[in-house]
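**Student:** Residue numbers (the working numbering), protein chains in the order written: chain A, 1081 to 1765; chain B, 3 to 561; chain C, 3 to 195.
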C-alpha cells in the first residue's frame, strides 16, 4: 500500500515566503487587524508614535533619530505578526491546492431518473445536491454522493493513495463516493449530496487557507487573557508619567509607546492565528480532514477512545489457524483444497492459508499450467480455482452454501447442518470461518483468527500515560472480546456491540463529563459519530457517516485517532508555551527600559541596568527590536508546534515550564544585550 | 538576624500550621450545616429577619444580598459617626465626625480595610467604637468568609444552580466562628494586660508631677475581632504598637496567630469541601513560601540597620518590647493578610523592609490574605495559573475537574484588573493633583512610596499606612474610599460569578492527562504566576520608590 | 430590592445588638470580675493617687530618674490620649538631624559615658508611649542616676538587673526594662532629697 501525502513543503518555501510578504502588508487593513486585539493595539500605538515622531522631526527634536527607529520597529512588530499569519495561510493554501487537484474538473452525465438511459452532459461544478449522475468505467466521479444503483470498482488513489480499487455499491455501508475519484469497472448511478463549494473537501480547503477559520474555545479564552494583560499594561504605562512626575521625570510619549508594546504579549498575540492554521495544516498532512478547528482542539481533550476491534486493534486480515474438516472428510483433503484455491490469493488471509497448509501437510505447489484461478468478486463473494479434475471454491459460509445448493440442485442436507455447526463454533471463538467446497461438496471450514496488531499494546500504554482510556468495540461475544481485549491491553471493551449500545456508551461517558472520540464508517455509526465529541469517519464509509463525524480520514486508518489526539494537544501546548514565553520576556524588558527612562532623575537606578546596555536610547531600541524580531524567530516553532512526546501531564508541564518559562526569562537578556551591542557598533543610538 | 528572631518566626508558623486543620475542619462543619449548637438562636434570628435558611441563592441573588447589606451598613455607620455627639455612650464628649472623614471611615470599615484617617482615641465615641466600628469588624470579616465559602461550593458542587444563602453564611460565621473565639481570646488579652472598660480617660499625676491623660475603653474585645477578622482598625491611633493594645510578646503572638488563623484554616476547609485536603495544603504551601521569602527579606533588610546612621539599629517607629524581629514579623503578617494592624510604624522601616509589605499588598494580599478574601483572591490566581499550565499540557485547562473556559478567564481577569486600576489610577491622580501632593510628608523617592503604599493598602483592603501621609483631607478621604470599593467589590462580584459558573459545570474525573494541582510543581507554578503578574504590574513604581531609596540610602543620600 | 431590604436591615440591627453591644458588654463584665486591675488599664496608684499606668510610658527628665525613649506624640511627649510615631522615613534628613541632636544632648548629659548611645534612646517609639527601654539603655544611665541620688553604682546596677523583664516564654519579644516601675522603686528606696 502506498500512502499518498501532499508533497511536504520545506518550512520556508520560496513562493510561500514571497506571497506572505505581500499578504502581510495587505493584512494591515484595520478590518483584518481588529480580529487580533493585541496586534490591533500595537498598530494603534504605531500610528500614534509615527504622528508624534513626524511632529518631532519637523520641529527638529533632539531625540528624533531614535524616535524614527522606534516607530519603524513598532510597524515591523505588526508586519512580522501579519507575516507569521500569512506564512501559515500560504502553507495552508499550498496544501489546499494539493487537495484541490483531486477535485474533478470533468463533466458530468446528468440523468433525470434512476432508470433513465438518456443523459445530458453538464459541468461538474454546476451539479446541485440531489442531482443524479451516471458514471461508467473510465468516468471521473463529478462530486460527493451516494451510489443509488449498481456496483462498481472505484479507483480512489487520487485522494487516498490506496492503489487497489475499492468496491462501491448501493444500499450498504460502502455507498459513499468522493468527487475526483474514477470508476474502473461497471456502471453506477450516483445521487450528488453536496452543493458546489460545500463538499467536505471545500470546507477543509477553507479551513487550511484560514479564510473561514473561527476561533476555537481555548483560543477565545486565551485571547481574553491576552487582552486582560494588555489592559493591565495599559494602566501601568498610562499612569507612569503621573508617578514619574514626582521625581520631575518627563518621559517622551514614544518611549512610553515602546515600553507598552514590549510589555504586552505581542509574541503570542502575533503568532496565535499562525499556530491555529498550522495545526489544521498538520492534520491535512496526515490525510485527515477536519470540519472545524474546534474538533481538532477537542481531540486534545479526549478522555475516552472508542476503537473498533477489526482493523484497528487486530489486523483487518486474519490468519488461518486450523482446518476443521467435516466428519466424512479427511483433514488433508480439506487442507489441500484450501491450499490450491488460495495459491493465487494475494490477500494476507490467502497467504496465511497457503502457509498453514504447507506447515501442516508439507504440500508442494503443483504446476500452474492447468489451473484457472477464479478471483474474488463483489457479486459472488467467492474465490477459487478450476482444475482439470476439480472445481474448488472458498468463501463466506452463506455464499458457499448457496453455491453448493445451486451446483447440486438440492436443498441442504445433513452435511450442511454439520457445516453450520462448525461455522458457528469458529465464530463463537472470535474467529472468522471460511468454507471450502470441492465440486459442489463442502469439505470443511478454515478458521481465520484475529491477530492483535504488533505494537498496539505499547500504543495503548502510551495513551494511558496521556490519561486516555481505550475502549474496544466489537460485535464479538463477551468471552472472545475479553480475550482479545486482554491481549491488546485495552482498558475496557464493549462486546456484542450494536450501534445503539455504542451510542449509549458514549452518552454514559459524556454524562460523567468525559470527552469521547470514536471512528466509524457505516450508516449505523452515524448517530454515534455525531454524538461523540470527536467523530472520525472513514473515507471508505457511507456519506451519512462522513456527514455525521467532524473529521474524515482519507486513508481510512482508525489508529490515526491517536495522531489526531496528539495534534490537538500539540496545538494547545504551542499556545500555552508561547504565552508563557511571551510573559516571561517582560522581566528582561523592564530591566532594559526602566533604568533607561529614569537614569537622568535617579542615577542610582543604573544598578538595575544589569545587562550593561550602552545608553538609555539604545536600551529602549534594543528592547523594541528584540520584541519584533522574536516573532519572526519563533515562526518555525509556531508552524511546527512545540515538541511533543506522550507523557503524563506533570512531566510535560515541567519540561515546558523549564524550556519556555525559564528560557523566556533568560533568552531576552541575551538577545537584548546582543542587539544593544549591534546598535552601539552601528551607531544607531 | 538572631536565633531568637528566627525562633519567633518558627513558633508563629508552627502555631498556625497546628491550628489550620482544627479550624479548617470546624469551618467545614459550620458551612455544610453539621454544626448545630446555636440552632435555636439561629432560628430566632432567621424568623425575625424573614429568612428561609433552606432557600439557597444563585450567584446573582447572593451578590445582591451582599451588596444591599453593605449599602445599609455603610449608611448606618456614616450616620452614627455624624450624629455621635447626640448619642449616648460618649464619655469623652466627642463631636460629630466631618462628612468626608465619616464617609471614608464607613467605607473603610465595611470593606474590611479599616484604614484610619482618624485617631481612635481622639475622634470616636465609645458607642461608635462598639456599635459602629466593632460591628463592621464582624460583618466585613463574615462577608469575606461567606464569599470564599460560596466560591468553595462552586468548585465542590456539580451541575448546581445555587451557591448557598448569604444571610445564613453571614450569621453562622458570626455565631459559630467569630464570636466564640473572640470572647475567649479577649479574656486572655485582658489577663495579659489589655484594658476592657467603659471609662473615658484615666488621669494620672506622673512621678515628675505633670498631668497625663490616659485614654481607656473596651480595647480587648475590639483587639480580638480586629485581628481575627483581619480588620486592623486600632482602638488607638498607634494601633497594635500601643502598649494597651499589645502589651507584651505573648499578646503579640496571639495577635499574629489570630490574624492568620482563619485565612489559613480556610485553605483546609476548601480542601475538605472539595474532597481532597491536599488541594488546600498545596495552596497553603504556596502562601507559606511567599510568606517565608517576604519575612526573611524584610527581617534581613531591617536587621542590617540604617546605613545613613552608621548602621544603627533601626528602632525609629518601633517598640522596645518587640525589637526588630517581632516588628518585621508583624509588618509582614499584617500586610500578607489584609489586616493592616501595625506594631511598628511602617513609614520608618528601611526601604527594602518597607518594600516587602508593599509587595505583599500589591500581589493582591493572597499570602493567606484577608479572611475569605485571601482564599478567593488566590483562587483567582489559581485559575490563571491552571489555564496557562493546562494549555502547556495540551488539554483544555481544568481545576478540580472543572473546565476553565472563556467565561472564567474573563471574570478572573476582571478581578485581577480591579487592583491595578485602584492603585495605579487613583494613586497616579494623587501624584498630579495639588490636593494629592499636599498630603505627602517625605521628600525624594520615599514620598512616592507613601502614596503607593496608601493606595496599595486601600485597593487591597489592608488598612495599614506609611503614616507620614496626611490622609485626612477631602481628596484622600474620597480617593482612598473609591479605591477600597473597587478593591473589594471589583473582586467579590467576579468571584461570585465564577462561583456560579463553576457550580453549574460538570466535574470531569481526573486522569494522567490532567495536571495534578496538589504537587510541588503546581505550588511553584502558582507562586510564579502570582509573582509575575504582581511583579510586572508594579515593577516600575517599586523601582521608583523603595528601590531607589534603598540605593540612595546605601550611598548615604538623604532627602 | 425592597424584598431584599427587610432581611438585610433586620440582620444588621440584630448583629449590631449581638456583636456591637452584647459582646463587648459581656467581655467587660467578665473581665472586670476576673482581671479587674488589667481591665481598668493597669493603673498604678501611689498614696491613693493614680500616678500612671504600668503599660504606658511617661516623661522623665530629672537626673535622678532613668529616662525613657524620645516620644513623637502629637502635642507633647507621652500624650496618652494621642498616641503615634514620627513616621519619619529612614532616608529623611529630619530623622538624621533629630538623631544627631539627641545624641549630642545625651552625650552632654552623660559626660562619663564614652560608648555609643543605645539606639532606643535616640529614636522615637511607634506609639510614643513606649514604657520600656533596652537593658543596655538602662545600664548606660546608671552612673548618672547613682550620682544624682548619691548611691553606689553597684546598687543601681543590681536594681536594673532585677527589673529586666525577660522574653515571654523565653523567646517572644525582647528583654526590656519598664522605666516607670524602675523609677518608682528608685523613689521608694532612695528618695530624692
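We treat Cβ as the ideally placed atom computed from N, Cα and C, and that holds for glycine. This structure is a prediction, so every number in the text was calculated from the model and none was measured.
#1: Looking at C-alpha atoms only, which residue of 332/B, 19/B, 531/B, 169/B is the closest neighbour of residue 49/B?
#2: Please list the residues of the segment 126-160 of chain C that have a C-beta atom closer than 9 Å to any C-beta atom in chain B, keeping them in chain order.
#3: Nearest to residue 444/B by alpha carbon, out of 112/C, 94/C, 172/C?
#4: Could you confirm whether any beta carbon from chain B is found closer than 8 Å to the beta carbon of residue 1297/A?
#5: Distance cutoff 8 Å, beta carbons only. Does residue 184/B sit that close to anything in chain F?
#6: Between the alpha carbons of residue 1635/A and residue 1619/A, how many angstroms are there, rounded?
#7: Report yes or no: do the segment 1303-1311 of chain A and the segment 1337-1348 of chain A share at least 3 C-beta pairs separated by less than 8 Å?
#8: Candidates 117/C, 91/C, 193/C, 110/C: which alpha carbon is nearest residue 126/C's?
#9: Compare the beta carbon distance of residue 342/B and residue 256/B with 8 Å and say whether it is the shorter of the two.
#10: Put residue 560/B into one of helix, strand or coil per three-state DSSP.
#11: Go ahead and pull the three-state DSSP assignment for residue 324/B.
#12: Report the option in 555/B, 274/B, 189/B, 66/B whose CA atom is closest to the CA atom of residue 32/B.
#13: Which one of 1415/A, 1468/A, 1503/A, 1462/A has the shortest CA to CA distance from residue 1483/A?
#14: Taking the alpha carbon of residue 451/B as the point to measure from, which residue in 232/B, 35/B, 226/B, 355/B has its own alpha carbon closest?
#15: Please compile the residues from chain A whose C-beta is within a distance smaller than 7 Å of the C-beta of residue 554/B.
#16: Could you tell me if residue 472/B is buried or exposed, where buried requires 16 or more neighbouring beta carbons within 10 angstroms of its beta carbon?
#17: Output the residue ranges of the alpha helix (DSSP H) runs that lie fully inside the segment 49-120 of chain C and measure 4 residues or longer, sorted by chain position.
#18: Please identify the residue among 1465/A, 1549/A, 1478/A whose C-alpha is closest to the C-alpha of residue 1450/A.
#19: Is it right to say residue 1534/A is buried, meaning 16 or more other beta carbons lie within 10 angstroms of its own, or is it exposed?
#20: Run down chain C in chain order and give the residues with a C-beta less than 8 Å from the C-beta of residue 50/B.
#21: Residue 1335/A: which of 1559/A, 1250/A, 1676/A sits nearest, CA to CA?
#22: Can you tell me which residues form a DSSP beta bridge with residue 180/C?
#23: Have a look at residue 1684/A and residue 550/B and give me their C-alpha separation to the nearest angstrom.
#24: Using three-state DSSP, classify residue 238/B as helix, strand or coil.
#25: Out of 67/B, 388/B, 447/B, which one is the CA nearest neighbour of residue 1068/A?
#26: Could you tell me which residues DSSP puts in a beta bridge with residue 1597/A?
#27: What does the Cβ neighbour count give for residue 171/C, buried or exposed, with the cut at 16 atoms within 10 Å?
#28: Does the beta-carbon of residue 39/C have 16 or more other beta-carbons within 10 angstroms, so that it is buried, or is it exposed?
#29: Per the DSSP calculation, residue 1549/A is bridged to which residue(s)?
#30: What residue from 1713/A, 1736/A, 1641/A, 1656/A has the CA that sits closest to residue 1596/A's CA?
#31: Can you check whether the C-beta of residue 557/B is within less than 8 Å of a C-beta belonging to chain A?
#32: Relative to the C-alpha of residue 1582/A, which residue among 1698/A, 1555/A, 1561/A is closest?
#33: Taking only the alpha-carbon atoms, compute the straight-line gap between residue 1569/A and residue 1652/A and give it to the nearest angstrom.
#34: Mapping the DSSP letters down to three states, classify residue 1682/A as helix, strand or coil.
#35: Which whole-angstrom value describes the C-beta separation of residue 312/B and residue 340/B, a residue pair presumed to lie in contact below a C-beta threshold of 8 Å?
#36: So within the segment 1720-1755 of chain A, which uninterrupted alpha helix (DSSP H) runs reach at least 4 residues, ignoring any that extend past its ends?
**Tutor:** Taking the geometry as given:
#1: 169/B
#2: 126, 127, 128, 129, 130, 131, 132, 133, 134, 135, 136, 139
#3: 94/C
#4: yes
#5: Among the protein chains in the structure shown, which are A, B and C, there is no chain F.
#6: Computed Cα separation, rounded: 7 Å.
#7: yes
#8: Ranked by Cα distance from residue 126/C, the first of 117/C, 91/C, 193/C, 110/C is 91/C.
#9: no
#10: coil
#11: coil
#12: 274/B
#13: 1462/A
#14: 355/B
#15: 1684
#16: exposed
#17: Unbroken alpha helix (DSSP H) stretches of 4 residues or longer found wholly inside the segment 49-120 of chain C: 95-111, given in chain order.
#18: 1465/A
#19: exposed
#20: 12, 16
#21: 1676/A
#22: 134/C
#23: Roughly 6 Å between the two C-alpha positions.
#24: DSSP places residue 238/B in coil when its eight states are reduced to three.
#25: No statement about residue 1068/A is possible, as the shown extent of chain A runs from 1081 to 1765 and does not include it.
#26: For residue 1597/A, which the question treats as bridged, DSSP gives the partners 1385/A, 1614/A.
#27: exposed
#28: Exposed.
#29: 1384/A
#30: 1641/A
#31: Output row for residue 557/B: interface = yes.
#32: 1555/A
#33: 28 Å
#34: coil
#35: Not really, about 37 Å apart at Cβ, beyond 8 Å.
#36: Runs of the alpha helix (DSSP H) spanning 4 or more residues and lying entirely within the segment 1720-1755 of chain A occur at 1729-1736, in chain order.
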